Amino acid sequence: MRPLLAFDTSTDHLAIGVGDLDRPGVVLAATDMAAPRAANTRLLSAVERVLSEAGFESSSLAGVACGRGPGSFTGVRIGVATAKGLAQGARVPLTGFSTLDAVAWRIWRSGEHRNCRFIGVLGDAMRGEVYPALFEVTIDGVRRVAGDRVAAPADTAKEWAANGDTLMLTGGALARYRAIFEDVFGDRVQIASESAWVPDGRSLIDAAWAAEGSLTVQVIAACDRAEAYRLAHPGALLPIYTRLSDAEEAERRSVVSAESAGTPPGGVAGPERGGR
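Per our numbering, the sequence shown starts with residue 1, numbered consecutively.
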């Protein structure tokens, strides 16, 4: 047995799962809880508790997997930074998966999608936008149709409705934009129960095993500990942001404005404008 710790803090919900690198999809322990603006204070203690329930300590881990977003910029950073610290300290590989994928897997496991061919996940990107991710339902799980992006809710609704299929909708952005999708889809849309708008511990393990690429569970599971650590070194994992944060966007606008006015970014005007 090679225990794998997975967690996600990209939403206002904290989810943690413990799997086994030797048994794909097996969940040894799991928990999830509401943690609005509190992931930084609750994550480590919750991880210790879940590992203890599964009979492990952090020193016995064979790997760590974390949700890379997209989601709350602060939440994503907390999760990725904590995962890097845990993996680096234990000298184990760090892999990642999309938070939106984990939400889709939760719906698939629950069976809520019933006869829907697609599952649409809507993360709240703020600024009147969403993080949309569309998944095709298969016998074995869900298959992502497109990559991560930011889009307007109305544009996403029209795009997804164009194929004429029924759709199961989930994700935190439904709290703001549910009516837009119901107006466009009519009776061709089903809305997931609100408790399934966020990942849970089991869906993290599903998403971690389903992720494709070089820094994934599928890759490290086939390697010994040393090789896995080399291939998926904690320093290599990057979050999924899809766009600039509010602070970075404000700085960008400041730079553009300063350049347009002939003022050095972050400074004052030159001598001809009263500078010293």
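Beta carbons: idealized from backbone N, C-alpha and C, even for Gly.
Given the structure is predicted, the values throughout are model-derived calculations rather than measurements.
Which one of the options has the shortest CA to CA distance from residue i?
i	options	result
A175	A151, A125, T138 and R149	A125
S195	R178, L204 and T170	T170
L4	R230, G235 and R225	R225
L167	A6, N115, G147 and I205	N115
R117	A62, G164 and Y241	G164
G75	Q88, A38, A222 and A65	A38
T138	D155, G128 and G111	G111
S10	G19, P24, G213 and M33	M33
H300	S58, K84 and P24	As shown, the chain starts at 1 and ends at 276. That puts residue 300 outside it, with no answer to give.
Closer than 6 angstroms by C-beta to residue i: which residues in its own chain qualify, once you throw out the five before and the five after it? Chain order, please.
i	result
E53	A29
W108	G141 and V142
T31	I16, V50 and G201
S245	With a pLDDT of 49 at S245, under the threshold of 50, the modelled position of that residue is not reliable, and the figure given next carries that caveat. Taken in chain order, the residues that qualify are F73.
D101	A207
Using DSSP with H/G/I as helix, E/B as strand and the rest coil, what is residue i?
i	result
G85	helix
D206	helix
A226	helix
A232	coil
A221	helix
M1	coil
Are the CB atoms of residue j and residue i within a distance shorter than 8 angstroms?
i	j	result
G278	W105	Beyond the ends of the chain as shown, which are 1 and 276, falls residue 278; an answer cannot be given.
T95	L238	no
V145	E159	no
D12	P199	no
V121	P153	no
G71	T41	no
A151	F185	no
D148	I240	yes
F97	A211	yes
V92	A62	yes
So, for residue i: in the same chain, excluding its five sequence neighbours on each side, which residues have a beta-carbon less than 7 angstroms away from its beta-carbon?
i	result
S60	P3
I191	L169, L174 and R178
F181	A157, L169 and V189
D22	M1 and R2
P36	D12
L134	F118, G120, V145, A146 and W160
A250	Any reading at A250 must be qualified, since the residue scores a pLDDT of 48, below 50, and its modelled position is unreliable; the value itself is stated next. Contacts found: none.
H113	I107, I119, V137 and M168
Give every residue of the same chain whose Cβ lies closer than 8 angstroms to the Cβ of residue i, excluding the five residues on either side of it in the sequence, and list them in chain order.
i	result
A247	Unreliable positioning characterises A247 in this predicted model, as indicated by a pLDDT of 46, which lies under 50. A coordinate reading is not provided.
V47	L5, F7, I16, S58 and L86
Contained beta strand (DSSP E) runs [length at least 3] in the stretch 15-67, N- to C-terminal order: 23-34 and 63-67
Unbroken stretches of the alpha helix (DSSP H), 4 residues or longer, contained in the stretch 152-203: Taking only runs of at least 4 residues, the alpha helix (DSSP H) segments lying wholly in the stretch 152-203 are 153-161 and 174-185.
Alpha helix (DSSP H) segments (min. 4 residues) lying fully within the stretch 91-147: 99-110
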